[in-house]
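Protein chains in written order, with numbering that gives the first Met the number 0: chain A, 0 to 269; chain B, 0 to 90.
We treat Cβ as the ideally placed atom computed from N, Cα and C, and that holds for glycine.
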Amino acid sequence: MAECIVVTSGKGGVGKTTTSANLGVGLALAGNKVAVVDADIGLRNLDVILGLENRIVYDLVQVVEGECRLKQALIRDKRVEGLFLLPAAQTRDKNAVSPDDMRRLVAELKESFDYVLIDCPAGIEQGFKNSIAGADRALIVTTPEVSAIRDADRIIGMVEAHDLPEPELIINRYRAGMVERGDMMNKEDILEILAIPLIGLVPDHEDVIISANRGTPAVFDETSVVGQAYRRITDRVMGHEVAFPDFTQKNGVWATMKRWMGLAQMREVV
Amino acid sequence: MRGFFSKLQHSVFGTEQTSKDDAKQRLKVLLIHDQVALTPAQLDAMKIEIMEVIGKYVEFEADGVEFKLSREDGSISLVSNVPVRRVTARA
Chain A
0 MAECIVVTSG
10 KGGVGKTTTS
20 ANLGVGLALA
30 GNKVAVVDAD
40 IGLRNLDVIL
50 GLENRIVYDL
60 VQVVEGECRL
70 KQALIRDKRV
80 EGLFLLPAAQ
90 TRDKNAVSPD
100 DMRRLVAELK
110 ESFDYVLIDC
120 PAGIEQGFKN
130 SIAGADRALI
140 VTTPEVSAIR
150 DADRIIGMVE
160 AHDLPEPELI
170 INRYRAGMVE
180 RGDMMNKEDI
190 LEILAIPLIG
200 LVPDHEDVII
210 SANRGTPAVF
220 DETSVVGQAY
230 RRITDRVMGH
240 EVAFPDFTQK
250 NGVWATMKRW
260 MGLAQMREVV
Chain B
0 MRGFFSKLQH
10 SVFGTEQTSK
20 DDAKQRLKVL
30 LIHDQVALTP
40 AQLDAMKIEI
50 MEVIGKYVEF
60 EADGVEFKLS
70 REDGSISLVS
80 NVPVRRVTAR
90 A
């Protein structure tokens with residue numbers, strides 16, 4: 000049965016669009032028919048992250064207003080079988096679409112796709128309400144920062160008030176080195192505060208920027224640590240159990256040196 | 000897991016809070032206040048009223064009373080610790 004998943008966060012800039020793009024590609028690579036929907040009307044970006052910006056003809060608002068058929072607005076990604084993008088309108092605002100419009104749209108998409116992913120805009124207003132209207136499941140993206148976690152908490156409350164099942168958490172921009180030094184909350188700290196299940200842990204890595212430059216989501220690259228993190232998320236979304244690596248570099252030169260220095264210091268103390 | 004070196008540093012040279020401890024502590028307080036729409040003055044008023052009721056039944060040490068909001072697993076609870084001197088059977 001088809002499932003509609005909304006990717007949301009509250010705070011902007013934490014990686015919702017990157018997550019939507021990578022999860023969409025990941026699910027398609029795994030053999031699913033996937034529609035990714037950019038619900039950020041007026042500030043569309045999912046097309047750029049997916050590298051499909053030059054192929055837009057129609058958009059979500061035109062579909063809703065009956066100017067074109069849904070099939071005409073869907074852009075097929077030629078790099079992977081089964082992946083389609085429904086772009087947002089760039090020249091309209093969020094009030095051009097209502098939650099009922101979205102429910103109808105999602106229902107229609109679910110007839111021909113296995114997964115419908117909604118890339119939600121930042122904030123808690125109309126765009127958010129539209130995005131969760133047709134969703135069966137919510138993924139909350141956060142980063143290990145006070146402001147992002149605060150907003151995630153707010154969104155979790157709103158998702159639960161909307162009769163959706165318990166949302167699942169993706170922690171983005173995780174820096175193992177900072178966590179080791181005690182300068183970043185670790186995943187246990189964040190889970191203790193937000194109290195929802197973890198479905199993804201994505202390291203902070205320059206691959207994200209490089210893949211955004213190119214319009215080729217990192218998940219395409221099997222050797223990228225970020226790509227691998229998104230492949231694991233994809234598997235978990237599909238219901239498989241996959242362990243979470245902690246991204247610590249135990250074998251690096253610096254780590255070895257630190258261990259050695261630690262030992263030396265202990266001898267002095269003892 | 001914190002690195003061995005920094006762990007040692009923390010155990011030998013006192014227990015200075017790391018910045019993540021600060022973040023976690025600030026978040027916990029922040030989320031309680033985001034969820035509870037009570038002003039500090041209202042909280043104080045509630046505390047006084049509750050203490051009055053408890054005082055009708057037991058004798059307690061007013062200085063040792065703890066009264067705070069805490070958050071566990073996403074839900075908020077009001078936690079109070081009242082050191083009782085003796086139960087005054089007044090009924």
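Output the distance between the C-alpha atoms of V271 (chain A) and V79 (chain A), rounded to the nearest integer angstrom. With chain A represented from 0 up to 269, any question about residue 271 (chain A) goes unanswered, as that position is not in the structure.
May I ask which residues mark the beginning and end of the beta strand (DSSP E) holding G12 (chain A)? Per DSSP, G12 (chain A) belongs to no beta strand (DSSP E) and is neither H nor E.
Do D152 (chain A) and D72 (chain B) count as a contact pair if the criterion is CB distance below 8 Å? Pairing D72 (chain B) with D152 (chain A) gives a Cβ-Cβ distance that is not under 8 Å.
Does the beta-carbon distance from L28 (chain A) to I232 (chain A) come in below 8 Å? Not in contact: L28 (chain A) and I232 (chain A) (Cβ atoms no closer than 8 Å).
What do you reckon, are the CB atoms on N129 (chain A) and K93 (chain A) nearer than 8 Å? Against a cut-off of 8 Å, the Cβ pair of K93 (chain A) and N129 (chain A) comes out as a contact.
Between which two residues does the beta strand (DSSP E) containing A272 (chain A) stretch? Because chain A here runs from 0 to 269, residue 272 (chain A) falls outside it and cannot be looked at.
I'd like to confirm the pairing. Which residues does DSSP put opposite T7 (chain A) in its beta bridges? DSSP lists A:I139 as partners of T7 (chain A).
Taking 7 Å as the limit between beta carbons, can you name the residues of its chain near V81 (chain B), skipping five residues before and five after? Shown here for V81 (chain B): same chain residues with a beta carbon closer than 7 Å to its own, the five before and five after excluded, namely I53, F59, V64 in chain order.
Please find out if some non-hydrogen atom of the ligand FAD comes closer than 7 Å to the beta-carbon of V28 (chain B). This structure lacks the ligand FAD; in fact it carries no ligand of any kind.
Answer with yes or no whether the minimum CB distance from R172 (chain A) to chain B is below 8 Å. It does not: the Cβ of R172 (chain A) has no partner Cβ on chain B nearer than 8 Å.
Consult DSSP for E240 (chain A) and reduce its assignment to one of helix, strand or coil. Three-state DSSP puts E240 (chain A) in coil, outside helix and strand.
Check the Cβ-Cβ distances between V145 (chain A) and every residue of chain B, and say whether any is below 8 Å. It does: the Cβ of V145 (chain A) has a partner Cβ on chain B nearer than 8 Å.
Give me the Cα-Cα distance between V78 (chain B) and T247 (chain A), rounded to the nearest whole angstrom. Our two residues, V78 (chain B) and T247 (chain A), have alpha carbons roughly 38 Å apart in a direct line.
Determine whether the beta carbon atoms of T215 (chain A) and V140 (chain A) lie at a separation below 8 Å. In terms of Cβ geometry, T215 (chain A) and V140 (chain A) do not form a close pair [threshold 8 Å].
Distance check for D234 (chain A) and A242 (chain A), CA to CA, integer angstroms please. Looking at the two C-alpha atoms, the distance is approximately 11 Å.
Stretch-stretch touch, CB-based, cutoff 8 Å, three pairs: the segment 108 to 118 of chain A with the segment 49 to 65 of chain A: Output reads no: the segment 49 to 65 of chain A does not touch the segment 108 to 118 of chain A.
With distances taken Cα to Cα, identify the nearest neighbour of G238 (chain A) among A:V13, A:A20, A:L26. The residue with the shortest Cα to Cα distance from G238 (chain A) is A:L26.
Just checking, does the segment 195 to 206 of chain A make contact with the segment 167 to 178 of chain A on the three C-beta pairs under 8 Å criterion? Result yes; three or more Cβ-Cβ pairs closer than 8 Å.
Report the CB separation of I40 (chain A) from G126 (chain A) in whole angstroms; it is logged as a contact under 8 Å. About 7 Å separates the two Cβ atoms, so the contact holds.
Could you check if P120 (chain A) is buried or exposed, using at least 16 other CB atoms within 10 Å of its CB as the buried criterion? Under this definition P120 (chain A) is a buried residue.
Are any of the Cβ atoms in chain A nearer than 8 Å to that of A40 (chain B)? No, A40 (chain B) lies away from the interface with chain A (no Cβ there is under 8 Å from its Cβ).
Can you tell me the Cα-Cα spacing of Q16 (chain B) and D62 (chain B), whole angstroms? Approximately 28 Å between the Cα atoms of the pair.
Please state the DSSP three-state secondary structure of I155 (chain A). In this structure, I155 (chain A) counts as helix in the three-state DSSP scheme.
Proximity below 8 Å, CB of T142 (chain A) to CB of V47 (chain A): No.
Would you mind working out which of A:L49, A:R54, A:A147, A:V96 sits nearest M184 (chain A), comparing C-alpha positions? Among A:L49, A:R54, A:A147, A:V96, the Cα nearest to that of M184 (chain A) is on A:A147.
How many Å lie between R1 (chain B) and E187 (chain A) at the Cα? Its pLDDT being 47, under 50, R1 (chain B) is placed unreliably by the model, and the measurement read from it follows with that caveat. Near 13 Å, if we compare the C-alpha coordinates of E187 (chain A) and R1 (chain B).
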